[in-house]
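Asker:
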Amino acid sequence: MPAVRKWTWAALALLLCVAFAHFCVRIVPGDAPADTPVSAGEGAVREGRLLIPVEGVPPSALVDTFTQARESGVRTHDAIDIMAARGRAVLAAADGRIERIRWSGRGGRTIYQRSADDAHVYYYAHLDAYAPGLKEGQAVRRGQRLATVGSTGNADPAGPHLHFEVHEMGVGDPWYRGRPVNPYPLLTAQD
20 MPAVRKWTWA
30 ALALLLCVAF
40 AHFCVRIVPG
50 DAPADTPVSA
60 GEGAVREGRL
70 LIPVEGVPPS
80 ALVDTFTQAR
90 ESGVRTHDAI
100 DIMAARGRAV
110 LAAADGRIER
120 IRWSGRGGRT
130 IYQRSADDAH
140 VYYYAHLDAY
150 APGLKEGQAV
160 RRGQRLATVG
170 STGNADPAGP
180 HLHFEVHEMG
190 VGDPWYRGRP
200 VNPYPLLTAQ
210 D
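Going left to right, the sequence shown walks through residues 20 to 210 as the numbering used here numbers them.
Below, the structure is given as structure tokens:
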């Protein structure tokens with residue numbers, strides 16, 4: 020009987036390794052630049068006006084959490100939470116430049132990206148790590164790897180996700196201002 024138990028555990032371990040390799044490992048050529056945009060064939064979903072900023076997440080996996088209550092009903096969420104495995108690539112939703120990289124108690128590791136036309140700021144929060152070499156002022160392209168999904172800040176460590184906000188900006192508005200816009204229809208091409 021102990022031999023059967025050993026084979027069962029070995030088979031389970033093998034199955035877990037295969038599942039990990041299939042869902043969590045992406046093989047990239049060693050000579051590929053770190054900031055190369057991800058093409059649609061590599062998991063970038065292009066159905067919406069904005070790219071879904073987490074690699075491999077289809078529109079059908081998104082849930083509109085924009086108006087959900089937070090902090091005992093004191094405020095609304097004003098964002099969409101995109102659930103994904105810790106370490107999954109976070110991608111630029113559109114062309115633009117990195118406006119601010121900072122730590123905050125609520126958002127943890129965060130990135131503020133201003134759109135190429137200065138009309139919007141995209142906010143990425145609860146990041147596990149930034150892409151190597153990412154810096155403020157850097158131009159980024161839609162689909163470029165910015166960071167990885169995590170649970171920093173006030174996020175539940177058991178539920179890693181990307182907190183993603185879109186803000187409509189007025190002329191001269193700093194990165195922390197703007198009017199919240201629901202990202203869900205922009206990511207799923209719904210009007």
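Where a beta carbon is used, it is the ideal one built from N, C-alpha and C, also for glycine.
Since we're looking at a predicted model, the values are computed, not measured.
For W26, does the three-state DSSP call read helix, strand or coil?
Answerer: Correct three-state label for W26: helix.
Asker: Can you tell me whether T129 is helix, strand or coil according to DSSP?
Answerer: Strand, per DSSP.
Asker: In whole angstroms, what separates the C-alpha of P176 from that of L69?
Answerer: Whole-angstrom Cα-Cα distance: 27 Å.
Asker: Excluding sequence positions up to five away, which residues of its chain have a Cβ less than 7 Å from the Cβ of V190?
Answerer: Cβ within range, chain order: n/a, list empty.
Asker: Which two residues bound the contiguous beta strand (DSSP E) that contains T167?
Answerer: That run of the beta strand (DSSP E) goes R164 to V168.
Asker: Ignore the nearest five residues each way along the sequence and tell me which others in A111's own chain have a CB closer than 6 Å to its CB.
Answerer: Closer than 6 Å at the Cβ level, and outside the excluded window around A111, lie V159, R161, Q163 and L165.
Asker: Within the continuous beta strand (DSSP E) that includes Y149, where are the two ends?
Answerer: Start and end: H139 to Y149.
Asker: Once you ignore the five residues that flank R196 on each side, which residues in its own chain have a CB closer than 8 Å to its CB?
Answerer: Around R196: H186, M188 and G189.
Asker: Between D147 and R105, how many whole angstroms is the CB-CB distance? I'm expecting something under 8 Å.
Answerer: Correct: roughly 6 Å between the Cβ atoms.
Asker: Roughly how many angstroms separate the alpha carbons of A174 and I99, rounded to a whole number?
Answerer: When rounded, the distance between both Cα atoms is 13 Å.
Asker: Considering only C-alpha positions, which residue in the set G124, P78 and Y131 is nearest to G115?
Answerer: Ranking G124, P78 and Y131 by Cα distance to G115 puts Y131 first.
Asker: May I ask which residues mark the beginning and end of the beta strand (DSSP E) holding L110?
Answerer: That run of the beta strand (DSSP E) goes A108 to L110.
Asker: Would you kindly check if the distance between the Cβ of E118 and the Cβ of R133 is under 8 Å?
Answerer: Yes, they are a contact pair.
Asker: When the distance is taken between beta carbons, is H182 closer than 8 Å to G124?
Answerer: Not a contact, by the Cβ cut-off of 8 Å.
Asker: Please identify the residue among P202, A108, V200 and A135 whose C-alpha is closest to the C-alpha of V168.
Answerer: Nearest C-alpha to V168: A108.
Asker: At 4 residues or longer, and completely inside the stretch 155 to 209: list those alpha helix (DSSP H) runs for me, N to C.
Answerer: Counting whole runs of 4 or more residues, the stretch 155 to 209 contains the alpha helix (DSSP H) stretches 202 to 207.
Asker: Identify every residue that forms a DSSP beta bridge with D100.
Answerer: According to DSSP, D100 bridges with H182.
Asker: With distances taken from CA atoms, which of T95, D83, M102 and T171 is nearest E74?
Answerer: Here the closest residue by C-alpha is M102.
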